[in-house]
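Sequential numbering of the sequence shown, starting at -3, is according to this note's numbering.
To keep things clear, I will list the structure first and then write my remarks on it.
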Amino acid sequence: MTIRQNLIAGEWVGSNGSENINPSDTKDVVGIYAQATTDDTRQAIAAAKAAFPAWSRSGILERHAILRKTSDEILARKQELGELLSREEGKILAEGIGEVTRAAQIFDFFAGEALRLAGEVLPSARPGIGVEITREPLGVIGIITPWNFPIAIPAWKIAPALCYGNTVVFKPAELVPGCSWAIVDILHRAGLPKGVLNLVMGPGSVVGQTMLDSPDLAGITFTGSTGTGKRVAAASIEHNRKFQLEMGGKNPMVVLDDADLKVAVEAAANSGFFSTGQRCTASSRLIVTEGIHDRFVDALTEKLKTIQVGHALKPETHVGPVVDARQLKQDTDYIDIGVKEGAKLAFGGERVERDTPGFFLQPTLFTEATNAMRISREEIFGPVVSVIRVKNYDEALAMANDTPFGLSAGIATTSLKYATHFKRNSEAGMVMVNLPTAGVDFHVPFGGRKASSFGPREQGKYAAEFFTVVKTAYTQA
Ligand code: UN1
């Protein structure tokens, strides 16, 4: 098998490779990917630094053309890249193709944004003086991405970074280098000058740490665990560096007595279990009022019985495997914790065997949970959901907000009054009414509050906030 190499200063380099394993079938090696060393990472940073002056002054047509070409190629290859994504991460093929399409849309959006760069011209407080407010690129951006969205998250960080004139050192998650390698290859062939985008695959302890320790990164954008996010923050403060963090969630979905039962069950099943529950936007706390509680639990349990867990590439599969053995252990440990805490295991909870060796886990539903239990407070990141019974809307809202996190929150209701009140009073960055808490658009801001996020929003035109720095210029003519 040929080794997929790192891209440093416009050259493919590296020989020591690591296997990318399919979680649906651990006998299937998706590919072999080079592992960057400390020295490689330093060279990548130096290359990005050297490329910055020219790229930061490059024309908008050049940036537009490269981003546009990248979008076109990703879209044209959506079947192949969707399969690669499903093979390396384990989400089902339809979700894999959907995510690849989303990546193409993101590159398309930022191709357009390159043509819309603008500033403001204002009169000064002092007559005869003009003020211009412009956005300039930040510099070298470090991009660190997680395994659960192997193409969409790299796209929504790389596309705006390049659009606004920054250069990049990109470290994808170790578990899923395949899609990252593919988009870097596409961008490289689309004509990016040498050093503008550098790919350094490898472990966080080597590649990530070298990035954190570098005085030459002007910004780091990170999506991943809360623990690592805090390390990114601490190291960035040390270096006076801008940072943007997207971390965990413990997202609530409130279901009120007046909800349309079918809508509520679909939204809960989708955001709790699809993509194997491995989304920071997943709903893991279903907060349900008394009048609908039993009907809702019955209908959701019936729905779970129809969900087929299996190999991500089989057409009959609804939910693929857990990403790896470590994550599976975390999920099953939390299932044990939930049982010990006194929640009722209403569905699932067991590993399942399929024809191929993989990390298959049944969708798991706890009922009679409380909001104080660890399964309701800590992010599990698997197909494990708890139902918490409440008396009324007020109690539901208070409980929805009673969490260290604040990424997304949902409500299922037919009441305009409660929907409106919830949108206004939820302490989450994103609020969904009669919709899953996961599965977001590509052209609007994404991000949360409290321990879920730090720094400016990602995506859409709000992305400019992180990837640029504002300059205020005064002129007396
Ligand atoms: C989505 O729900 O469509 O890591 C996106 C995550 C998020 C992305 C969720 N940053 O799960």
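Just so it is clear, CB atoms sit at the ideal spot from N, CA and C, and this is done for glycine as well.
Report task. Consider the C-beta atom of Gly334 and the heavy atoms of the ligand UN1; say whether any pair is separated by less than 8 Å. Result -> No.
Query raised in the report: Within 10 angstroms of its Cβ, does Arg370 collect 16 or more other Cβ (buried), or is it exposed?
Result: Exposed, since its Cβ has fewer than 16 Cβ neighbours within 10 Å.
Requested in this report: Sort Pro211, Pro119, Leu134 and Val164 by Cα distance to Thr141 and report the nearest one.
Outcome: Checked all of Pro211, Pro119, Leu134 and Val164; the closest Cα to Thr141 is Val164.
Report task. Would you mind stating whether Gly94 and Ala308 have Cβ atoms separated by less than 9 Å? Result -> No. Outside cutoff.
Requested in this report: Please determine, among Leu113, Val117, Glu69 and Ile125, the residue with the shortest C-alpha to C-alpha distance to Pro99.
Outcome: In the sequence as presented, Pro is not what sits at residue 99; that position holds Ala. Looking at the Cα atoms, Glu69 is the closest of the given residues.
Query raised in the report: What residue does the beta strand (DSSP E) around Arg275 start on, and which one ends it?
Result: Arg275 -> no beta strand (DSSP E), and no H or E assigned at all.
Requested in this report: For Cys276, verify whether its CB is less than 8 Å away from any heavy atom of the ligand UN1.
Outcome: Answer for Cys276: yes, Cβ within range of the ligand UN1.
Query raised in the report: How about Gly273 and Phe106: are their beta carbons less than 9 Å apart?
Result: At the C-beta level, Gly273 and Phe106 stay beyond 9 Å of one another.
Report task. Just grab the DSSP bridge partners of Met249 for me. Result -> Bridge partners of Met249: Leu282 and Gly406.
Requested in this report: State yes or no: is the C-beta of Thr33 nearer than 8 Å to some heavy atom of the ligand UN1?
Outcome: Here the distance from the Cβ of Thr33 to the nearest heavy atom of the ligand UN1 is not below 8 Å.
Report task. Could you say which of Val251, Pro452 and Leu3 lies nearest to Pro441 if we only look at CA atoms? Result -> Looking at Val251, Pro452 and Leu3, the one whose alpha-carbon comes closest to that of Pro441 is Pro452.
Query raised in the report: Per DSSP, Ser382 is paired with what?
Result: Its beta-bridge partners are Arg281 and Phe362.
Report task. Within the same chain, show all residues whose beta-carbon is closer than 6 Å to that of Thr97, passing over the 5 residues directly before and after it, in chain order. Result -> Closer than 6 Å at Cβ, skipping near neighbours: Lys74.
Query raised in the report: Going by alpha carbons, who is nearest to Gly306 out of Leu252, Arg83 and Val284?
Result: It is Arg83 whose Cα lies nearest to the Cα of Gly306.
Report task. Compute the Euclidean distance between the alpha carbons of Glu364 and His289, then round it to the nearest angstrom. Result -> One C-alpha to the other measures close to 10 Å.
Query raised in the report: Name the DSSP bridge partner or partners of Thr219?
Result: According to DSSP, which records beta bridges pairwise, Thr219 is partnered with Glu242.
Requested in this report: With DSSP as the reference, label Ile36 as helix, strand or coil.
Outcome: The question names Ile, but residue 36 in the sequence shown is Asp. When DSSP states are grouped into helix, strand and coil, Asp36 belongs to the helix group.
Query - Contacts around Phe362, its chain only, beta-carbon distance under 8 Å, and the 5 residues preceding and following it disregarded - result: The beta carbon of Phe362 lies closer than 8 Å to those of Gly334, Ala339, Lys340, Leu341, Ala342, Ile371, Val380, Val381, Ser382 and Val383 in the same chain, with the five residues before and after it left out.
Report task. Compute the beta-carbon to beta-carbon distance between Ala32 and Gly198, rounded to the nearest angstrom, for a pair I have assumed lies under 8 Å. Result -> The beta-carbon separation of Ala32 and Gly198, rounded to 4 Å, stays under the 8 Å limit for a contact.
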